[in-house]
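What follows is one structure encoded as structure tokens, with my remarks underneath.
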Amino acid sequence: MRVSLKLNIILWIALCAGLIAQIGKGYVDISLTQFFNSLVTNNFPEIRHVLLELRIPRALLAALVGAALGVSGAALQTGLQNPLADAGVLGIGSWASLGGVLVLYMGWSNFSIFAIPIGALTGGLFSTLILWWIHQHHTTASLLIAGLALGAFAVAGMSVIMSLSINPFALSELTHWILGSFKQVQLQDLYISGPLLILGIFLLLRDRRFQDALILGEDTAATLGCDLRVMRARMIWGSALCVGGSVASVGAIGFVGLLIPHLLRSLKIVYPSQLIQLSAIGGAVFLVWADYLVRWLPTNPELHIGAITALLGIPVFLRAMLK
Amino acid sequence: MTTLIIENLAIKSSTKKQAPILISINTAQLQPGLCVVVGPNGAGKTSLLRGLAELLPSSGNIQLNNHVINKQSRLWRAQNIAYLAQHNTLAWPITSQQAIDLGNLPHTSLFTVSPVTWAELLDLVHLLPKSMDYLSGGELARVHLARAMTTNAKLTLLDEPLAHLDIRHQHLALQALKSWCHQQRKIVILTLHQLDLAYQYADVLWLLDQRHLVWQGNPMPSKNDEIEVMRGHLNTAFSIEWSWILSKNRFIPLAYAQCTT
Numbered sequence: 070m071r072v073s074l075k076l077n078i079i080l081w082i083a084l085c086a087g088l089i090a091q092i093g094k095g096y097v098d099i100s101l102t103q104f105f106n107s108l109v110t111n112n113f114p115e116i117r118h119v120l121l122e123l124r125i126p127r128a129l130l131a132a133l134v135g136a137a138l139g140v141s142g143a144a145l146q147t148g149l150q151n152p153l154a155d156a157g158v159l160g161i162g163s164w165a166s167l168g169g170v171l172v173l174y175m176g177w178s179n180f181s182i183f184a185i186p187i188g189a190l191t192g193g194l195f196s197t198l199i200l201w202w203i204h205q206h207h208t209t210a211s212l213l214i215a216g217l218a219l220g221a222f223a224v225a226g227m228s229v230i231m232s233l234s235i236n237p238f239a240l241s242e243l244t245h246w247i248l249g250s251f252k253q254v255q256l257q258d259l260y261i262s263g264p265l266l267i268l269g270i271f272l273l274l275r276d277r278r279f280q281d282a283l284i285l286g287e288d289t290a291a292t293l294g295c296d297l298r299v300m301r302a303r304m305i306w307g308s309a310l311c312v313g314g315s316v317a318s319v320g321a322i323g324f325v326g327l328l329i330p331h332l333l334r335s336l337k338i339v340y341p342s343q344l345i346q347l348s349a350i351g352g353a354v355f356l357v358w359a360d361y362l363v364r365w366l367p368t369n370p371e372l373h374i375g376a377i378t379a380l381l382g383i384p385v386f387l388r389a390m391l392k
Numbered sequence: 226m227t228t229l230i231i232e233n234l235a236i237k238s239s240t241k242k243q244a245p246i247l248i249s250i251n252t253a254q255l256q257p258g259l260c261v262v263v264g265p266n267g268a269g270k271t272s273l274l275r276g277l278a279e280l281l282p283s284s285g286n287i288q289l290n291n292h293v294i295n296k297q298s299r300l301w302r303a304q305n306i307a308y309l310a311q312h313n314t315l316a317w318p319i320t321s322q323q324a325i326d327l328g329n330l331p332h333t334s335l336f337t338v339s340p341v342t343w344a345e346l347l348d349l350v351h352l353l354p355k356s357m358d359y360l361s362g363g364e365l366a367r368v369h370l371a372r373a374m375t376t377n378a379k380l381t382l383l384d385e386p387l388a389h390l391d392i393r394h395q396h397l398a399l400q401a402l403k404s405w406c407h408q409q410r411k412i413v414i415l416t417l418h419q420l421d422l423a424y425q426y427a428d429v430l431w432l433l434d435q436r437h438l439v440w441q442g443n444p445m446p447s448k449n450d451e452i453e454v455m456r457g458h459l460n461t462a463f464s465i466e467w468s469w470i471l472s473k474n475r476f477i478p479l480a481y482a483q484c485t486t
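Written out as structure tokens, the structure is:
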């Protein structure tokens, strides 16, 4: 209990620091005094515009997406009882991307700004349901292999759709969908994805006390008061909302949900209720600082954030798998 | 006062009409105390406990303190009926203390409700901070038993709780269970393969054979003809000629290597 409280305090401080650092960082660095001056007074309209339309939405979305991906990883791992489960590894992110791409290239996105999020959500939900079915009927190892195969299938599907479309920027857009980036985030993205992510995080955090009971197996959990069917539905919908909501705005950012719970577990946090809650805040901290790193690195154009998370995440994945 | 009433109970493997009946009981009634269920393999002991825990569908009437249990809420059942499975899994390596605390999950209070610390009664105090990865089979079984008992339920169902315990801990556990259910006025139903232990501790004995409750009652009947009936049922059910040893004013069944079939 005490370890988790300490971690909570440290992570919340790191998150606040990260948000402040991130808001100040960009093409034009903004100092703290400028930040408060521009928000309180009307003397700096350009800075105020940059802050409200770009910087603050980007920072908040990075935190929300990080929390959503972290918590979905932890919830999938406890729900599927598999320490290697993650939206990226299992291909849920790629399927959400495929849903988004399909909507975009069929031209449905012209009808409503909600078309792409709905497409991403449907893609995520579809793959989560398939994975659940595989989880019910097959072994742990085949779940992971099936997830990898499904993910590769979705990426191939995306590249086919993009090759068929007449779009000179198709390749760079494909990278955006597969690797993810906060580069183009605007206030509107926060409005669209924010509610989906908050709802998803809420659904996954809700059951965390009963997730503890699942440690003892489904029968015992049921006699301890767990409604397994409702919990399963919440896990599937919550994960789909978290992943679909993220992908709709910033593309598929992988391995956050793998990296964060794994690091927490190495700090002896194994109790699902603690792991799920700390993965939410830990994921937020991680993605906020990773996005800061992307902008701090002197590359042009800036790196895709999914590249950073994959570079950090895959060694952790291998370590966890080979243990 | 806790009472359990069972009438026309039939437990099935699924809700389908043609599903085979796993165990049926015409009528049975329990007062607070230790009820030991014995019977050969496949007699329906585990199915009975799973049915009472609502893990298998059942028809008929099961009442705990005049509450029909399958009409109660999930939470009511979790608070009033505790269950220990025969095979227990552990998805993550939590500590013994954390596992035992899971017994409190149905109770909304943050503090433990159990007036008894089962870790002490079951000789587990030194294992509490240990990760369950490092426990032996018998130690694991005691932790799971302590978890089930911590729920402090009116009806506790234990499926072979002593299977991996050494003989000292078997007696320790049975003594603790017996004095607990008498002091707290609770019902404990447990399945057991060791008939000698069953005859030493049971307040009520249920003998199951071929998916029926064939004999129930005090394991020490007072009348001679009742004793003969009970012994006959035991011989038939287990296909074995039991020898009876008189020890400390109790007849204890003992099986020599002499199967009748």
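From first to last, the protein sequence lines stand for chains A and B.
My numbering applies: residue 70 is where the first sequence begins, and numbers increase by one.
My numbering applies: residue 226 is where the second sequence begins, and numbers increase by one.
The C-beta atom is built at its ideal place from N, Cα and C for all residues, glycine as well.
The model shown is predicted, which means the values in this text are computed figures rather than measured ones.
Residues that residue i contacts on chain B, provided the C-beta gap is smaller than 7 Å
| i | result |
| --- | --- |
| Q255 (chain A) | None at all; the shortest Cβ gap to chain B is about 41 Å. |
| T110 (chain A) | By Cβ distance, chain B contributes nothing, its closest Cβ being about 48 Å from T110 (chain A), past 7 Å. |
| Q150 (chain A) | A316 |
| Y361 (chain A) | What Y361 (chain A) touches in chain B: nothing, since even the nearest Cβ is about 33 Å away. |
Distance between residue j and residue i (C-alpha atoms, nearest Å)
| i | j | result |
| --- | --- | --- |
| P318 (chain B) | L309 (chain B) | 19 Å |
| N106 (chain A) | F113 (chain A) | 8 Å |
| R117 (chain A) | L108 (chain A) | 6 Å |
| L330 (chain B) | G188 (chain A) | 39 Å |
| L310 (chain A) | W164 (chain A) | 13 Å |
| Q311 (chain B) | S196 (chain A) | 35 Å |
| A235 (chain B) | I287 (chain B) | 10 Å |
| C406 (chain B) | L346 (chain B) | 13 Å |
| L229 (chain B) | L266 (chain A) | 48 Å |
| L212 (chain A) | R303 (chain A) | 20 Å |
| Q256 (chain B) | S472 (chain B) | 27 Å |
| R334 (chain A) | L198 (chain A) | 27 Å |
| R456 (chain B) | S468 (chain B) | 10 Å |
| A244 (chain B) | L353 (chain B) | 43 Å |
| R127 (chain A) | V254 (chain A) | 6 Å |
| S234 (chain A) | Y174 (chain A) | 7 Å |
| L293 (chain A) | L300 (chain B) | 8 Å |
| S73 (chain A) | Q257 (chain A) | 35 Å |
Sub-8 Å separation of residue i and residue j beta-carbons
| i | j | result |
| --- | --- | --- |
| L159 (chain A) | G216 (chain A) | yes |
| G263 (chain A) | A321 (chain A) | no |
| V140 (chain A) | L273 (chain A) | yes |
| F399 (chain A) | V319 (chain A) | As displayed, chain A neither begins before 70 nor continues past 392, which places residue 399 (chain A) out of reach and without an answer. |
| C260 (chain B) | A427 (chain B) | yes |
| D281 (chain A) | L349 (chain B) | no |
| L430 (chain B) | Q395 (chain B) | no |
| T375 (chain B) | I325 (chain B) | yes |
| M231 (chain B) | I250 (chain B) | Looking at the sequence itself, residue 231 (chain B) is Ile, so the reference to Met does not match. Closer than 8 Å, so yes. |
| G382 (chain A) | L190 (chain A) | no |
| M491 (chain B) | S404 (chain B) | The shown model of chain B, from 226 to 486, leaves out residue 491 (chain B), and the question about it has no answer. |
| A373 (chain B) | L390 (chain B) | no |
Three-state secondary structure (DSSP) of residue i
| i | result |
| --- | --- |
| C295 (chain A) | coil |
| I465 (chain B) | strand |
| H369 (chain B) | helix |
| K237 (chain B) | strand |
| Q253 (chain A) | coil |
| V481 (chain B) | Going by the sequence as given, residue 481 (chain B) is Tyr instead of Val. Strand. |
Identity of the residues DSSP links to residue i by a beta bridge
| i | result |
| --- | --- |
| T289 (chain A) | For T289 (chain A), which the question treats as bridged, DSSP gives no partner whatsoever. |
| R475 (chain B) | B:S472 |
| L383 (chain B) | B:L309, B:L415 |
| D258 (chain A) | Looking at the DSSP assignment, D258 (chain A) forms no beta bridge with any residue, so it has no partner. |
| N286 (chain B) | B:E232 |
| H437 (chain B) | B:S249, B:D434 |
| K296 (chain B) | None, per the DSSP bridge assignment. |
| T320 (chain B) | B:S356 |
| V262 (chain B) | B:T416, B:W431 |
| G442 (chain B) | B:L430 |
| Q103 (chain A) | Answer is none; Q103 (chain A) lacks a bridge partner. |
Listed by chain order, chain B residues near residue i by CB distance under 9 Å
| i | result |
| --- | --- |
| I187 (chain A) | By Cβ distance, chain B contributes nothing, its closest Cβ being about 34 Å from I187 (chain A), past 9 Å. |
| R278 (chain A) | L330 |
Contacts of residue i in chain A (Cβ-Cβ under 8 Å)
| i | result |
| --- | --- |
| N524 (chain B) | Since the first residue shown for chain B is 226 and the last is 486, residue 524 (chain B) is missing from the structure and cannot be characterised. |
| R494 (chain B) | With chain B represented from 226 up to 486, any question about residue 494 (chain B) goes unanswered, as that position is not in the structure. |
| N313 (chain B) | L285, G286, T289 |
Proximal chain B residues relative to residue i, where beta-carbon distance stays under 8 Å
| i | result |
| --- | --- |
| D296 (chain A) | R299 |
| A414 (chain A) | Since the displayed chain A opens at 70 and closes at 392, residue 414 (chain A) lies outside it and no answer follows. |
CB contact check: residue i to chain E, cutoff 8 Å
| i | result |
| --- | --- |
| G286 (chain A) | This model lacks chain E altogether, as its protein chains are A and B. |
Chain-ordered chain A contacts of residue i [CB-CB under 9 Å]
| i | result |
| --- | --- |
| A278 (chain B) | D288, A291, T292 |
| A310 (chain B) | L285, G286, D288, T289, T292 |
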